[in-house]
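K.L.:
For the sequence shown, the positions run 43 to 509 when the numbering used here is used.
Note that CB positions come from ideal geometry on N, CA and C, so glycine has one too.
Quick one: this structure, given as structure tokens, is what I'll be asking you about.
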Amino acid sequence: MNNQFEKRSDFVVVANRLSVDRVVADDGSETWRTSPGGLVTALEPVMQSRRGSAWVGWPGSPDEELEPFVHDGIQLVPVSLSAQDVTEYYEGFSNATLWPLFHDGVAFPEYHREWWDAYVRVNRRFAEAAAAVAAEGAQVWVQDYQLLLVPRMLRTLRPDLYIGFFLHIPFPPMELFVQLPWRAEILDGLLGSDLVGFQIAGGASNFIHLVSERLGYPTGDDTVTLPDGRVCAARAYPISIPTQRFADLAADPAVQERAREIRAELDDPELLFLGVDRLDYTKGIKHRLRAFGELVTSGQLDPDRAAFLQVATPSRERVEEYKMLRDEIDRIVGRINGSVGRIGRQPVTYLHTHYPREEMVAMYSAADVMVVSPLRDGMNLVAKEYIACRRNGDGALVLSEFTGAADELSEWTYSINPYDINGMKATMLRAATDAPEERQRRMAALREQVFTHDIDRWAESFLADMG
Ligand code: ADQ
Numbered sequence: 043m044n045n046q047f048e049k050r051s052d053f054v055v056v057a058n059r060l061s062v063d064r065v066v067a068d069d070g071s072e073t074w075r076t077s078p079g080g081l082v083t084a085l086e087p088v089m090q091s092r093r094g095s096a097w098v099g100w101p102g103s104p105d106e107e108l109e110p111f112v113h114d115g116i117q118l119v120p121v122s123l124s125a126q127d128v129t130e131y132y133e134g135f136s137n138a139t140l141w142p143l144f145h146d147g148v149a150f151p152e153y154h155r156e157w158w159d160a161y162v163r164v165n166r167r168f169a170e171a172a173a174a175v176a177a178e179g180a181q182v183w184v185q186d187y188q189l190l191l192v193p194r195m196l197r198t199l200r201p202d203l204y205i206g207f208f209l210h211i212p213f214p215p216m217e218l219f220v221q222l223p224w225r226a227e228i229l230d231g232l233l234g235s236d237l238v239g240f241q242i243a244g245g246a247s248n249f250i251h252l253v254s255e256r257l258g259y260p261t262g263d264d265t266v267t268l269p270d271g272r273v274c275a276a277r278a279y280p281i282s283i284p285t286q287r288f289a290d291l292a293a294d295p296a297v298q299e300r301a302r303e304i305r306a307e308l309d310d311p312e313l314l315f316l317g318v319d320r321l322d323y324t325k326g327i328k329h330r331l332r333a334f335g336e337l338v339t340s341g342q343l344d345p346d347r348a349a350f351l352q353v354a355t356p357s358r359e360r361v362e363e364y365k366m367l368r369d370e371i372d373r374i375v376g377r378i379n380g381s382v383g384r385i386g387r388q389p390v391t392y393l394h395t396h397y398p399r400e401e402m403v404a405m406y407s408a409a410d411v412m413v414v415s416p417l418r419d420g421m422n423l424v425a426k427e428y429i430a431c432r433r434n435g436d437g438a439l440v441l442s443e444f445t446g447a448a449d450e451l452s453e454w455t456y457s458i459n460p461y462d463i464n465g466m467k468a469t470m471l472r473a474a475t476d477a478p479e480e481r482q483r484r485m486a487a488l489r490e491q492v493f494t495h496d497i498d499r500w501a502e503s504f505l506a507d508m509g
């Protein structure tokens with residue numbers, strides 16, 4: 043093993059991206075800043091509490107060789123990707139093969155043998171980096187669909203480790219999964235783990251069922267016994283958000299003032315709908331805009347009184363499907379505003395931008411109805427963020443039944459099937475017009491769930507089960 047690391051780590055996270063973002067100052071000098079993302083926030087306390095922690099990941103730009111470095115007490119281990127790796131492993135196999143296949147095939151998965159070769163090559167690089175930094179008997183937690191082969195590769199290199207894996211996206215039913223030309227390799231990759239975590243129980247049972255049917259290994263309710271006698275467990279750990287942090291921000295007077303400003307800038311609508319997403323075809327953005335467009339063009343909603351604010355953070359912009367989606371959404375928004383807007387009043391405001399968390403919280407605080415309409419989604423944190431920000435206990439959440447979040451929340455949300463545009467229209471209207479007491483009742487139950495099941499609880503329960 044290489045000895046470039048002064049100290050090996052007892053706890054190692056392996057993720058596609060490092061936990062820090064590069065910041066370039068005006069004079070061109072570079073520093074690193076801890077990423078604001080949920081996973082990093084969740085794992086920070088765990089990492090600080092261990093004797094030594096490391097995070098293995100790609101720094102984010104191609105063709106760059108960086109030495110390991112320490113940031114905020116955490117050892118960062120950069121894995122380098124060439125421009126070709128980015129195209130084939132990341133944009134290709136991860137985001138144009140696995141992503142659509144694991145999301146019900148809502149876009150066609152592409153199968154290319156050279157993308158697979160790159161995926162294997164890059165997964166091995168991550169596994170080798172993790173093997174080199176982990177202390178004897180360390181816990182290693184591998185994250186997400188870009189690294190499905192790492193658990194097996196790592197176990198071969200380092201049988202002494204405890205290896206956990208968490209899948210942030212859905213795990214598909216057998217009928218879809220078996221399309222994959224490399225299905226056996228992927229299953230074997232995951233089975234290198236001691237514990238595989240899924241967002242919902244359905245994902246875990248899809249996995250157990252597949253292993254039993256296709257590999258013939260003995261399985262229990264949530265376990266697989268491998269030919270060498272080792273046991274791999276597969277269970278649901280629904281991910282969440284730092285709920286109190288969102289609530290604290292929503293209580294900040296400056297954020298509340300900004301929420302009022304947002305409504306004023308939108309010409310003070312009586313009814314404000316909100317959509318917040320990464321710009322992704324799985325999120326059902328077109329479907330929800332179409333539903334709202336029909337409601338305002340038919341007069342069921344008054345275009346002078348109702349407004350829809352849709353923000354979509356740019357995502358995977360070099361992948362063809364994403365370019366097409368962007369154009370389509372531009373067209374849908376243009377059509378609605380062109381037909382029922384007037385000078386100074388556009389029913390849909392569409393912003394293709396990434397915002398700081400304060401601005402997101404101000405938007406959540408400003409909106410009467412949040413519309414979360416994915417065609418398929420592992421969890422969907424936006425739904426939980428909206429709930430955390432409704433400090434007055436008002437507001438209504440329209441939520442697709444095809445999200446992981448629906449497993450926990452659908453009893454109290456306004457539940458929709460996003461493929462059913464008429465159904466979605468009726469439910470959006472109901473969410474907007476239900477009696478305030480009914481909306482309060484639902485929101486109180488939603489808040490109870492999201493405050494008692496936050497991101498700390500998620501990380502703690504996974505790590506406790508991992509051994
Ligand atoms: P995502 O597909 O990215 O995550 P989601 O869970 O909704 O989906 O998280 C998106 C995050 O981005 C939220 O925290 C949201 O606040 C933020 N965001 C969205 N638009 C933004 C904007 N315009 N500006 C700033 N921030 C914005 C994947 C899976 C999900 C799973 C998560 C976590 O696809 O199903 O819930 O991982 O496991």
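(1) Quick one: what does DSSP say Val56 is sitting in, helix, strand or coil?
(2) Residues bridged to Leu191 by DSSP?
(3) Leaving aside the five residues before and after Ile211 along the sequence, list all residues of the same chain whose C-beta is less than 6 Å from its C-beta, in chain order.
(4) Count the other CB atoms, across all protein chains shown, that sit within 10 Å of the CB of Pro311; report buried if there are 16 or more and exposed otherwise.
(5) Name the two residues that bound the continuous beta strand (DSSP E) containing His113.
(6) Report back the beta-carbon spacing between Arg200 and Ala176 to the nearest angstrom; my notes put them in contact at under 8 Å.
(7) Out of Pro104, Val318 and Phe249, point me to the one whose CA is closest to Thr355's CA.
(8) Suppose you measure from the CA of Tyr428 to the CA of Gly376; what does that come to, to the nearest Å?
(9) Can you confirm whether His145, when its beta carbon is compared against all beta carbons of chain B, has any partner nearer than 9 Å?
(10) Please name the residue, chosen from Asp290, Val82 and Ser415, that lies closest to Val56 on a Cα-to-Cα basis.
(11) Is the CB-CB distance between His113 and Val62 below 9 Å?
(12) Check this for me: beta carbons of Val382 and Ala430, under 9 Å apart or not?
(13) Mark Pro78 as exposed unless 16 or more other C-beta atoms lie within 10 angstroms of its C-beta, in which case mark it buried.
(14) Would you say Ile281 and Gln241 are within 9 Å of each other, going by their C-beta atoms?
(15) Would you check if the distance between the CB atom of Leu123 and the CB atom of Trp97 is smaller than 9 Å?
(16) Under three-state DSSP, which class holds Ile281?
(17) Count the other CB atoms, across all protein chains shown, that sit within 10 Å of the CB of Leu237; report buried if there are 16 or more and exposed otherwise.
(18) Consider the C-beta atom of Pro260 and the heavy atoms of ligand 1; say whether any pair is separated by less than 8 Å.
(19) Can you say whether Pro120 is buried or exposed, counting buried as having 16 or more other CB atoms within 10 angstroms of its CB?
(20) Tell me whether Leu143 sits in a helix, a strand or coil according to DSSP, three-state version.
(21) Inspect the CB distances between the stretch 433 to 443 and the stretch 469 to 479 and report whether three or more fall short of 8 Å.
(22) Below 8 Å, is the gap between the Cβ of Asp419 and the nearest heavy atom of ligand 1?
(23) Please classify Ile385 as buried or exposed, where buried requires at least 16 neighbouring CB atoms within 10 angstroms.
(24) Ordered along the chain, which non-local residues of its own chain (more than five positions away) have a Cβ less than 7 Å from that of Tyr153?
(25) Are at least three pairs of beta-carbons, each pair with one atom in the stretch 409 to 423 and one in the stretch 323 to 336, less than 8 Å apart?
(26) Excluding the 5 residues flanking Thr469 on each side, which residues of the same chain have their C-beta closer than 8 Å to its C-beta?
(27) Please confirm whether any heavy atom of ligand 3 lies closer than 8 Å to the CB of Tyr397.
(28) Helix, strand or coil: how does DSSP classify Gly231 here?
(29) Name, in chain order, the residues that DSSP records as bridge partners for Leu439.
(30) Would you kindly report the start and end of the unbroken beta strand (DSSP E) that includes Glu72?
P.N.:
So, from the data block:
(1) In this structure, Val56 counts as strand in the three-state DSSP scheme.
(2) None, per the DSSP bridge assignment.
(3) Phe144, Tyr187 and Gly420
(4) buried
(5) Phe111 to His113
(6) 6 Å
(7) Val318
(8) 27 Å
(9) Among the chains in the structure shown there is no chain B, since it carries only a single protein chain.
(10) The residue with the shortest Cα to Cα distance from Val56 is Val82.
(11) The Cβ atoms of His113 and Val62 lie closer than 9 Å to each other.
(12) no
(13) Pro78 should be labelled exposed.
(14) Yes; because the gap between Cβ atoms is below 9 Å, this pair is in contact.
(15) no
(16) coil
(17) Under this definition Leu237 is a buried residue.
(18) At a threshold of 8 Å, Pro260 does not count as near ligand 1, since its beta carbon sits no closer than that to any of the ligand's heavy atoms.
(19) buried
(20) helix
(21) yes
(22) Yes, since a heavy atom of ligand 1 falls inside the 8 Å radius drawn around the Cβ of Asp419.
(23) exposed
(24) Thr139 and Pro223
(25) yes
(26) Val440, Tyr456, Ser457 and Ile458
(27) By its list of ligands, the structure shown excludes ligand 3, since it contains just ligand 1.
(28) helix
(29) Met412
(30) Glu72 to Thr76
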